[in-house]
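Number 329 in the UniProt record's numbering belongs to position 329 of the sequence shown; there are no gaps in the numbering.
Idealized CB from N, CA, C, for every residue including glycine.
These notes are about the structure you will find just below.
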Amino acid sequence: MTASQPAAATETARPKLAFRPLPVPQVDVRGFWGDRVDAVASRTAEILYERCVEARMLEQIDPDRPSPGVVIPFHSPSPDEAAHPGFTGSTVTTQMFWDSDWGKTIETAAYSLYRRRNPDLEKKIDAVIDMYGKLQQEDGYLSSWYQRIQPGLRWTNLRDCHELYCAGHLIEGAVAYFQATGKRKLLDIMSRYADHIASMFGPEPGKKKGYCGHEEIELALVKLARVTGNQKYMDLAKYFIDQRGQQPHYFDEEARARGADPKAYHFKTYEYNQSHKPVREQDKVVGHAVRAMYLYSGMADIATEYGDDSLRAALDRLWDDLTTKSLYVTGGLGPSAHNEGFTSDYDLPNETAYAETCASVGLVFWASRMLGMGPNGRYADMMERALYNGSISGLSLDGSLFFYENPLESRGGHHRWKWHRCPCCPPNIGRMVASIGSYFYGLADDALAVHLYGDSTCRFEIAGRPVSLVQTSNYPWDGAVAIEVDAETPVAFTLYLRIPAWCRNAALRVNGKMVDLDAATSDGYAAIRREWQKGDRVELDLEMSMARLFANPHVRQDIGRVALARGPLIYCVEETDNGGGLHRIALPRESRLEAHPEPNLLGGIVTLSAIGSRAETENWGSDLYRSEPPAAEETKLKAVPYFAWDNRDPGEMLVWLREG
1 MTASQPAAAT ETARPKLAFR PLPVPQVDVR GFWGDRVDAV ASRTAEILYE RCVEARMLEQ
61 IDPDRPSPGV VIPFHSPSPD EAAHPGFTGS TVTTQMFWDS DWGKTIETAA YSLYRRRNPD
121 LEKKIDAVID MYGKLQQEDG YLSSWYQRIQ PGLRWTNLRD CHELYCAGHL IEGAVAYFQA
181 TGKRKLLDIM SRYADHIASM FGPEPGKKKG YCGHEEIELA LVKLARVTGN QKYMDLAKYF
241 IDQRGQQPHY FDEEARARGA DPKAYHFKTY EYNQSHKPVR EQDKVVGHAV RAMYLYSGMA
301 DIATEYGDDS LRAALDRLWD DLTTKSLYVT GGLGPSAHNE GFTSDYDLPN ETAYAETCAS
361 VGLVFWASRM LGMGPNGRYA DMMERALYNG SISGLSLDGS LFFYENPLES RGGHHRWKWH
421 RCPCCPPNIG RMVASIGSYF YGLADDALAV HLYGDSTCRF EIAGRPVSLV QTSNYPWDGA
481 VAIEVDAETP VAFTLYLRIP AWCRNAALRV NGKMVDLDAA TSDGYAAIRR EWQKGDRVEL
541 DLEMSMARLF ANPHVRQDIG RVALARGPLI YCVEETDNGG GLHRIALPRE SRLEAHPEPN
601 LLGGIVTLSA IGSRAETENW GSDLYRSEPP AAEETKLKAV PYFAWDNRDP GEMLVWLREG
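Okay, structure coming up:
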């Protein structure tokens with residue numbers, strides 16, 4: 001296969017059961033996710049643009065204005081770094097990746113424009129795209145930092161400076177803008193840049209053998225290949241995956257080439273960016289959490305597109321490691337602020353949890369791409385957990401404020417903010433929510449998988465015949481799901497329906513006739529193979545089970561504690577409902593949990609309540625310690641979904657309650 005062959009020519013080499021997400025314009029969402037997409041379309045997308053402008057990002061990409069210079073200072077080196085000039089700490093600023101913030105902002109705007117016409121926003125984004133068009137060099141190269149702030153240094157420090165990462169986010173923005181608006185200008189600009197990158201990197205003699213210190217270009221090139229049909233971009237994504245961590249180590253050679261000591265590296269170890277060993281040899285989730293999630297997402301895409309079982313085996317090892325040793329119950333990950341990532345097994349502190357919004361978004365990306373290799377509940381259940389909890393907690397219900405860190409406990413001082421000197425999370429959660437429809441369904445040659453439930457309509461083709469599915473449900477508050485099939489002519493395909501692991505009882509009917517779920521279900525999905533006709537109706541009833549969750553005893557912070565869940569949602573208690581001193585509340589194991597629909601609270605939610613006890617302070621006096629325990633009073637506790645916390649009066653929050 002030559003690099004110039006179109007994708008269609010390699011179709012037969014692909015695994016038959018490869019599932020690809022439906023493009024956003026083919027899925028309409030309503031209900032729970034519709035409200036969130038509307039918040040992004042009506043508020044967040046404009047806010048992202050305005051705050052990028054306020055941060056002076058527009059000045060950096062506009063070749064008709066003077067360069068703004070260094071707006072955000074380089075990181076201050078630590079004392080040991082200061083003694084060694086050239087250390088990472090003094091060569092990096094978050095301003096270097098402003099192009100990536102523009103890429104994600106364009107992507108959020110694109111999907112928002114598809115959702116809701118906004119001529120003013122579209123005009124602003126078109127102007128940004130025009131600036132990138134003017135900025136692009138003759139050879140296709142495009143980086144506002146290396147053209148406007150540090151010219152002459154391009155491709156000299158892939159380890160630290162996010163050059164290919166920025167290209168990746170701009171490519172994803174270009175694909176989204178083309179799919180949502182039909183405008184190709186940015187797609188053509190970024191295809192030219194991708195051609196330039198392909199001329200610089202690869203296995204051929206004379207090309208650089210590098211890859212990015214912050215993974216992302218890999219996912220973007222897969223999207224670009226799928227939308228353009230150009231196999232060269234897919235092969236380049238595969239090259240970046242295959243080359244990572246090979247010896248001689250590219251980052252060592254690159255450092256020596258620019259006159260730096262390879263050991264003069266701020267993070268001390270290549271585990272930080274997952275280049276410590278070739279990807280197929282990796283079995284431990286290490287380093288920076290977002291980078292890890294993006295790498296594994298790219299690996300999963302390549303495993304899907306090339307039917308690569310060696311990548312699949314590595315991914316399953318990494319998945320097991322993450323989900324059994326290093327994942328918060330909310331789907332948050334990365335406990336440490338020091339490396340924005342992983343520390344040691346079972347180290348899951350609650351109050352100091354870093355759990356970056358981008359990392360949970362990245363887990364959604366990874367899980368959804370694992371589903372490319374076929375429906376499997378272990379990935380879809382985790383995608384749902386991260387979606388409904390650890391990721392959308394990063395966005396306020398009105399779409400205007402953002403969390404960077406998502407702790408599982410707060411004494412009342414942790415709140416969403418307007419912006420950040422490293423503003424990666426706002427447009428990341430924005431683009432994910434705005435494109436949520438693409439996570440609902442996966443399409444193969446003769447199958448459609450329903451990964452997520454909720455009010456939605458999807459349109460697709462199987463065997464050249466148009467089909468649409470209309471899903472009606474009040475999910476995640478209610479587990480009743482109805483799906484109506486609309487096919488112009490009868491068409492045979494397999495419909496896969498996820499049966500979530502949290503659901504204790506489920507029932508499935510097709511046109512009123514019961515389906516034997518035990519016989520139909522494999523890997524967490526019920527498969528229905530039939531010739532579908534217009535008007536066929538599928539009804540799935542999922543019991544919205546309430547559950548007490550307990551952590552592995554190795555998790556020292558959660559021993560003797562309990563978390564509450566209902567369906568896919570993790571719950572927390574807030575001071576505004578329960579008074580202060582949440583650490584003094586205990587929930588006895590025998591206490592009955594009750595669910596209460598509250599349509600006028602936090603946009604309409606279901607709360608949980610139970611009778612617990614609270615250790616009282618009134619009669620304790622001034623003693624720090626006593627030989628008798630404090631008195632306890634009965635209290636009724638009220639829990640709300642974790643994603644909705646800090647949207648009312650500020651105060652304490654707690655996910656893991658003491659068991660009484």
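Per DSSP, cross-strand counterpart(s) of residue i
| i | result |
| --- | --- |
| Q471 | S456 and I483 |
| P375 | P375 pairs with nothing; no bridge assigned. |
| R530 | F493 |
| T521 | A526 |
| P21 | G442 |
| I585 | R614 |
| P466 | E461 |
| L540 | V481 and L508 |
| T393 | Note that residue 393 corresponds to Ser in the displayed sequence, not to Thr. S393 pairs with nothing; no bridge assigned. |
| T635 | G612 |
Residue i, enclosing beta strand (DSSP E) - first and last residue
| i | result |
| --- | --- |
| C572 | L569 to E574 |
| I611 | I605 to A615 |
| V29 | V27 to V29 |
| P597 | E594 to E598 |
| L219 | Looking at the DSSP string, L219 is not in any beta strand (DSSP E); the run it does join, the alpha helix (DSSP H), is I217 to T228. |
| V510 | A506 to V510 |
| V562 | R561 to R566 |
Exposure of residue i, with buried meaning 16 or more beta-carbon neighbours within 10 Å
| i | result |
| --- | --- |
| I462 | buried |
| W98 | buried |
| K513 | exposed |
| T357 | buried |
| M653 | buried |
| R258 | exposed |
| F643 | buried |
| P466 | exposed |
| I217 | buried |
| F87 | Because F87 carries a pLDDT of 47, less than 50, the predicted location of this residue cannot be relied on, and the following value inherits that uncertainty. Label assigned to F87: buried. |
| I499 | buried |
| V481 | buried |
| I429 | buried |
| A595 | exposed |
| P73 | exposed |
| L311 | buried |
| A313 | exposed |
| Y193 | buried |
| N600 | exposed |
Reduced DSSP category for residue i - H, G, I as helix; E, B as strand; rest coil
| i | result |
| --- | --- |
| E59 | helix |
| W656 | coil |
| M382 | helix |
| N118 | coil |
| residue 733 | This structure leaves residue 733 out entirely; the chain is present only between 1 and 660. |
| P641 | strand |
| E624 | Here residue 624 is Leu; the residue named in the question, Glu, does not match the sequence. Three-state DSSP puts L624 in coil, outside helix and strand. |
| W98 | helix |
| V361 | helix |
| K209 | coil |
| M1 | Note on M1: pLDDT 34, under 50, position unreliable in the model; the coordinate value appears next. In this structure, M1 counts as coil in the three-state DSSP scheme. |
| R416 | coil |
Residue i: CB within 7 Å of a non-hydrogen atom of the ligand GDP
| i | result |
| --- | --- |
| D446 | In terms of ligand content, the structure shown is empty, and the ligand GDP therefore cannot be addressed. |
Host alpha helix (DSSP H) of residue i (start-end)
| i | result |
| --- | --- |
| D536 | It is not in any alpha helix (DSSP H) - D536 carries neither H nor E in the DSSP assignment. |
| L236 | Q231 to Q243 |
| V92 | Unbroken run through V92: none, as it is neither H nor E. |
| R154 | Segment: none, R154 is in no alpha helix (DSSP H) and carries neither H nor E. |
Inset, instruction - Check whether the region 573–587 touches the region 512–528, counting contact only when three or more Cβ pairs, one atom from each stretch, lie closer than 8 Å. - result: no
Inset, instruction - Evaluate contact between the region 128–146 and the region 446–464, counting only Cβ atoms and requiring at least three cross-stretch pairs below 8 Å. - result: no
Legend entry - Stretch pair the region 50–58 + the region 407–415: three plus CB contacts closer than 8 Å: In short, these stretches do not touch, since the Cβ pair count stays below three.
Inset, instruction - Flag this pair as touching only if the region 223–232 and the region 201–211 have three or more C-beta atom pairs under 8 Å; answer yes or no. - result: no
Inset, instruction - Check whether the region 179–188 touches the region 108–128, taking contact to mean three or more Cβ pairs, one atom from each stretch, closer than 8 Å. - result: yes
Inset, instruction - Answer yes if the region 394–411 comes into contact with the region 471–488, meaning at least three C-beta pairs across the two stretches below 8 Å, and no otherwise. - result: The region 394–411 and the region 471–488 do not touch, with fewer than three beta-carbon pairs separated by less than 8 Å.
Legend entry - the region 546–564 in contact with the region 312–321 per 3-pair CB rule at 8 Å: no
Inset, instruction - Report yes or no: do the region 228–243 and the region 297–311 share at least 3 C-beta pairs separated by less than 8 Å? - result: Note that the region 228–243 touches the region 297–311; at least 3 beta-carbon pairs, one per stretch, sit closer than 8 Å.
Inset, instruction - Would you be able to state if there are at least three C-beta pairs under 8 Å between the region 324–337 and the region 248–268? - result: no
Legend entry - the region 559–568 in contact with the region 440–450 per 3-pair CB rule at 8 Å: no
Legend entry - Sufficient close CB pairs (3 or more, under 8 Å) joining the region 29–40 to the region 434–445: yes
Legend entry - Cβ pair count under 8 Å reaching 3, the region 495–509 against the region 372–386: yes
Inset, instruction - Kindly confirm or deny that the region 266–278 and the region 187–206 touch, where touching means at least three C-beta pairs closer than 8 Å. - result: no
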